[in-house]
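As given, the protein sequences belong to chains A and B, one line each in that order.
Per the numbering used here: the first sequence = residues 1 to 306.
Per the numbering used here: the second sequence = residues 307 to 612.
Quick reminder that beta carbons are idealized off the backbone N, C-alpha and C, glycines included.
Note sheet for the following structure.
There are 2 protein chains.
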Amino acid sequence: MSHIYDRVALIGLGLIASSMFWAIKRTGLAGEVTGYARSEATRDTARRIGLCDRVCDSALEAVEGADLVVLCVPVGAMGAVAQDIAPALKPGATVTDVGSVKRHVIQAVSPHIPEGVHFIPAHPLAGTEHSGPESGFAELFDNRWCLLVPVEGSDSDAIARLRALWEGMGSNVDEIDADHHDLVLAVTSHAPHLIAYTMVGVADDLRRVTDTEVIKYSAAGFRDFTRIAASDPTMWRDVFLSNKDATLEILGRFTEELFALQRAIRTGDGEHLFDYFTRTRAIRRGIIDAGQDTDAPDFGRGKANP
Amino acid sequence: MSHIYDRVALIGLGLIASSMFWAIKRTGLAGEVTGYARSEATRDTARRIGLCDRVCDSALEAVEGADLVVLCVPVGAMGAVAQDIAPALKPGATVTDVGSVKRHVIQAVSPHIPEGVHFIPAHPLAGTEHSGPESGFAELFDNRWCLLVPVEGSDSDAIARLRALWEGMGSNVDEIDADHHDLVLAVTSHAPHLIAYTMVGVADDLRRVTDTEVIKYSAAGFRDFTRIAASDPTMWRDVFLSNKDATLEILGRFTEELFALQRAIRTGDGEHLFDYFTRTRAIRRGIIDAGQDTDAPDFGRGKANP
Numbered sequence: 001m002s003h004i005y006d007r008v009a010l011i012g013l014g015l016i017a018s019s020m021f022w023a024i025k026r027t028g029l030a031g032e033v034t035g036y037a038r039s040e041a042t043r044d045t046a047r048r049i050g051l052c053d054r055v056c057d058s059a060l061e062a063v064e065g066a067d068l069v070v071l072c073v074p075v076g077a078m079g080a081v082a083q084d085i086a087p088a089l090k091p092g093a094t095v096t097d098v099g100s101v102k103r104h105v106i107q108a109v110s111p112h113i114p115e116g117v118h119f120i121p122a123h124p125l126a127g128t129e130h131s132g133p134e135s136g137f138a139e140l141f142d143n144r145w146c147l148l149v150p151v152e153g154s155d156s157d158a159i160a161r162l163r164a165l166w167e168g169m170g171s172n173v174d175e176i177d178a179d180h181h182d183l184v185l186a187v188t189s190h191a192p193h194l195i196a197y198t199m200v201g202v203a204d205d206l207r208r209v210t211d212t213e214v215i216k217y218s219a220a221g222f223r224d225f226t227r228i229a230a231s232d233p234t235m236w237r238d239v240f241l242s243n244k245d246a247t248l249e250i251l252g253r254f255t256e257e258l259f260a261l262q263r264a265i266r267t268g269d270g271e272h273l274f275d276y277f278t279r280t281r282a283i284r285r286g287i288i289d290a291g292q293d294t295d296a297p298d299f300g301r302g303k304a305n306p
Numbered sequence: 307m308s309h310i311y312d313r314v315a316l317i318g319l320g321l322i323a324s325s326m327f328w329a330i331k332r333t334g335l336a337g338e339v340t341g342y343a344r345s346e347a348t349r350d351t352a353r354r355i356g357l358c359d360r361v362c363d364s365a366l367e368a369v370e371g372a373d374l375v376v377l378c379v380p381v382g383a384m385g386a387v388a389q390d391i392a393p394a395l396k397p398g399a400t401v402t403d404v405g406s407v408k409r410h411v412i413q414a415v416s417p418h419i420p421e422g423v424h425f426i427p428a429h430p431l432a433g434t435e436h437s438g439p440e441s442g443f444a445e446l447f448d449n450r451w452c453l454l455v456p457v458e459g460s461d462s463d464a465i466a467r468l469r470a471l472w473e474g475m476g477s478n479v480d481e482i483d484a485d486h487h488d489l490v491l492a493v494t495s496h497a498p499h500l501i502a503y504t505m506v507g508v509a510d511d512l513r514r515v516t517d518t519e520v521i522k523y524s525a526a527g528f529r530d531f532t533r534i535a536a537s538d539p540t541m542w543r544d545v546f547l548s549n550k551d552a553t554l555e556i557l558g559r560f561t562e563e564l565f566a567l568q569r570a571i572r573t574g575d576g577e578h579l580f581d582y583f584t585r586t587r588a589i590r591r592g593i594i595d596a597g598q599d600t601d602a603p604d605f606g607r608g609k610a611n612p
């Protein structure tokens, strides 16, 4: 495949950036890929494992001459990084990001984008509970969605080129409005993560049930919560703080529904419970039909017994 | 391996019973395995796929002459089934069950157990989101825990024999007190299931976010909730109604913690969030070290792209 960009700069070298590097290299989507991470230890690791064609010791050096700059840092750090790199951005270049929240990132980054540089926010809906430069792999984005969130005045050619890159890395690409993105993700990602973190914290706190018991007997459902609740703390702190309104709205609705189900349990209303549990099965069926999961009957067993 | 029981009767032919049949046959743990299901369609399916050596048209016929009778029906049906089969139970036989709640099952079943018959409640901590006679497989219990919950006067030889059966089917076996079982399972299974059902219901209800969006973008965390929330509605209705106190206690603690985290989000207390999210990582590490899950970095991707 011919290059989509001559030079791509990855700022921040965690799970997403490292997966992007391997996915770009898989089919040669870019000429040179430079990288920068704030921590020297991360840069050393990147050099050791061959992550990026060139690892730079400053963000300015990494973005110099790049046609595409990808901000892969926690949402709360996007604004400061954009300010740092602004002086070195090449005219005509595109700046994008991979943050899980879009309205906040747009507000934080846009003011620093120079005239003549395109800013096209994006969000690949892919990840694992692991983090860091060694956690990436080329297949992370295959058959996953990447959402592009063009802002006012985004150049259509620049959008098409970024779309081609994500498609080249294996993603399906959709365009979506920033506020709607933040609401949808509050439902499919942010609220579920907070709920999983909460449940794992409760289990850890309960003195009458030991951690050993929780761990031994986790296969009964809890295990999936711990997987979600093992995700990167810095990233998630920033997500909740920067998508505050939508997350709190969904959590409010969640609490309301949970109270209704608790009341059904307390009053012995089996019909209410049965109907509710039957309805939720349909959504699962939809996810399998859409190819976003398989019907494999295992609750992770295939992985537990490889 | 020589037989542990000459004849085993499985009452109810869903996921657990069908997996028990295949696991028993894998290494010849019993001579003959009979089966009974209330629904004629289920009995027909069982005969068609060779599930059980002999499928009977009544529970009485199935248990006649059995050394071990396993009640594999929803928790709410245990008492009535025990009453039905009582007249046909062989002196010296053992009755056990596989219900997810133990105190309620003991109260419902014990009064019907005739003098000279042993009753040893049990709970294999294994399952998938699928149900029915065709969902079983021999490996379901491998390296999973089965909890035996002996009641007052349970015969130690009968306990040892049931333990041998579960170990033969691949399980690790622990003994536990009924009330403690119900509390531990409220934490590791019952509360997480209700929470997952609730979150999936909220997503389905939210008119500003379409089901299509929820389904397409589910890979970001929600997908694991839908898997849990696809479990059998009858079984789970009965679990919540029969483990009411422990479930409501854990849900109360969960709500309290969730409110504290919501307040941290509202007030922008990033330190509280970061510390909480860091602490929950340790439990995940424990589960992986205990062999109850692997560290495979995939959020189910291996299954989505087989």
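- Message: So that I know if they touch, is there some Cβ in chain B lying closer than 7 angstroms to that of G201/A?
- Response: It does; some Cβ of chain B falls within 7 angstroms.
- Just how far apart, CA to CA, sit V202/A and S135/A? Taking the straight line from one Cα to the other gives about 28 angstroms.
- Query: Between which two residues does the alpha helix (DSSP H) containing R208/A stretch?
  - Reply: For R208/A, no alpha helix (DSSP H) encloses it, and the DSSP letter there is neither H nor E.
- Query: When the Cβ atoms of the segment 233–245 of chain A are set against those of the segment 190–197 of chain A, are three or more pairs found closer than 8 angstroms?
  - Reply: Touching, per the Cβ criterion.
- Report back the beta-carbon spacing between Y5/A and A23/A to the nearest angstrom; my notes put them in contact at under 8 angstroms. Under the criterion of beta carbons closer than 8 angstroms, Y5/A and A23/A do not qualify as touching, at roughly 13 angstroms.
- Taking only the alpha-carbon atoms, compute the straight-line gap between F565/B and T494/B and give it to the nearest angstrom. In this model, F565/B and T494/B are separated by some 21 angstroms (Cα to Cα).
- Item | Neighbour-count burial assignment, A160/A, 16 or more Cβ in a 10 Å radius | Answer is exposed; the Cβ neighbour count stays below 16.
- Query: If we count the other Cβ atoms within 10 Å of its Cβ and call it buried at 16 or more, is A9/A buried or exposed?
  - Reply: It is buried - the Cβ of A9/A has at least 16 other Cβ atoms within 10 Å.
- Message: So, at 8 angstroms on beta carbons, what are the nonlocal neighbours of T128/A in its own chain, with the 5 sequence-adjacent residues on each side left out?
- Response: Closer than 8 angstroms at Cβ, skipping near neighbours: L15, S135 and L140.
- Message: Taking the beta carbon of T348/B as the centre, do at least 16 other beta carbons fall within 10 Å, making it buried, or is it exposed?
- Response: T348/B comes out buried.
- Message: At the level of alpha carbons, what is the spacing between A399/B and V455/B?
- Response: Spanning the two alpha carbons is a distance of roughly 17 angstroms.
- Using the rule of at least 16 other Cβ atoms within 10 Å of the residue's Cβ for burial, across every protein chain shown, is M539/B buried or exposed? Checking the displayed sequence, the identity of residue 539/B turns out to be Pro instead of Met. So P539/B counts as buried.
- Task: Taking C-beta pairs closer than 9 angstroms, name the residues in chain A that P427/B reaches, listed in chain order.
- Result: Near P427/B there are no residues of chain A at all, since even the closest Cβ is about 16 angstroms away, more than 9 angstroms.
- Per DSSP, which residues does Y36/A bridge with? Please list them. For Y36/A, which the question treats as bridged, DSSP gives the partners I11/A.
- Message: Using 7 angstroms as the threshold, is the C-beta distance between S437/B and I287/A below it?
- Response: Inclusion of S437/B and I287/A in the CB contact set at 7 angstroms is not warranted, their separation being larger than that value.
- Under the rule that 16 or more other beta-carbon atoms within 10 Å means buried, what is E519/B, buried or exposed? Residue burial is scored here from C-beta neighbours: E519/B has at least 16 other C-beta atoms within 10 angstroms and is therefore classed as buried.
- Message: Let's see if you can read the secondary structure: which residues bound the beta strand (DSSP E) around P430/B?
- Response: For P430/B, the enclosing beta strand (DSSP E) has its first and last residue at A428 to P430.
- Query: Nearest chain A C-beta to A525/B closer than 7 angstroms, yes or no?
  - Reply: With 7 angstroms as the cut-off, A525/B counts as an interface residue toward chain A.
- Task: Using alpha carbons as the reference points, say which of V404/B, V506/B, P393/B and G341/B lies closest to T280/A.
- Result: Looking at the Cα atoms, V506/B is the closest of the given residues.
- Query: Counting contacts by CB-CB distance shorter than 7 angstroms, is W542/B in contact with chain A?
  - Reply: It does; some Cβ of chain A falls within 7 angstroms.
- Since L273/A is in the alpha helix (DSSP H), which residue starts that stretch and which ends it? In the DSSP assignment, L273/A falls within the alpha helix (DSSP H) that extends over G270 to D289.
- Under 7 angstroms between the Cβ atoms of R409/B and L431/B? Result no, Cβ atoms of R409/B and L431/B do not sit closer than 7 angstroms.
- Task: Give the straight-line distance between the Cα atoms of I521/B and D530/B, rounded to the nearest whole angstrom.
- Result: Put simply, the backbone Cα of I521/B is about 12 angstroms away from that of D530/B.
- Task: Could you spell out where the beta strand (DSSP E) holding V95/A opens and where it closes?
- Result: V95/A -> beta strand (DSSP E) spans T94 to D97.
- Of the residues that make up the segment 403–432 of chain B, which ones have a beta carbon closer than 7 angstroms to any beta carbon in chain A? Per Cβ criterion, the list reads L431 and A432.
- Contacting residues, own chain, Cβ-Cβ under 6 angstroms from G116/A (five flanking each side not counted): Excluding residues within five positions, the ones whose Cβ falls inside 6 angstroms are P91.
- Query: If you run the structure through DSSP and keep just helix, strand and coil, what is R54/A?
  - Reply: It is a strand residue.
- What do you get for T402/B, buried or exposed, if any count of 16 or more other CB atoms within 10 angstroms of its CB means buried? Its Cβ being crowded by 16 or more others within 10 Å, T402/B is buried.
- Message: Could you check whether V75/A and V98/A sit closer than 7 angstroms to each other, using their CB atoms as the reference points?
- Response: No, the Cβ-Cβ distance between V98/A and V75/A is not below 7 angstroms.
- Task: Please check if any C-beta of chain A sits within less than 7 angstroms of the C-beta of S324/B.
- Result: It does not; no Cβ of chain A falls within 7 angstroms.
- Task: Please go through the same chain and pick out, in chain order, the residues whose beta-carbon is closer than 6 angstroms to the beta-carbon of E370/B, but skip the five residues on each side of it.
- Result: So the qualifying residues of the chain are A394.
- Message: If we define contact as Cβ-Cβ less than 7 angstroms, is F531/B a contact residue for chain A?
- Response: With respect to chain A, the C-beta atom of F531/B has a partner C-beta closer than 7 angstroms.
- In chain order, each alpha helix (DSSP H) run of at least 4 residues that lies wholly inside the segment 101–146 of chain A: List check, alpha helix (DSSP H) in window: 103–109.
- Would you mind reading off the limits of the beta strand (DSSP E) that contains G481/B? Reading the sequence as shown, one finds Glu at residue 481/B and not Gly. That run of the beta strand (DSSP E) goes N478 to E481.
- Determine the DSSP secondary structure at G558/B, reduced to helix, strand or coil. Helix at G558/B.
- Task: Please report the Cβ distance between F425/B and V457/B, rounded to the nearest whole angstrom; I am assuming they are in contact, meaning their Cβ atoms lie under 8 angstroms.
- Result: F425/B to V457/B, Cβ: 6 angstroms. Contact.
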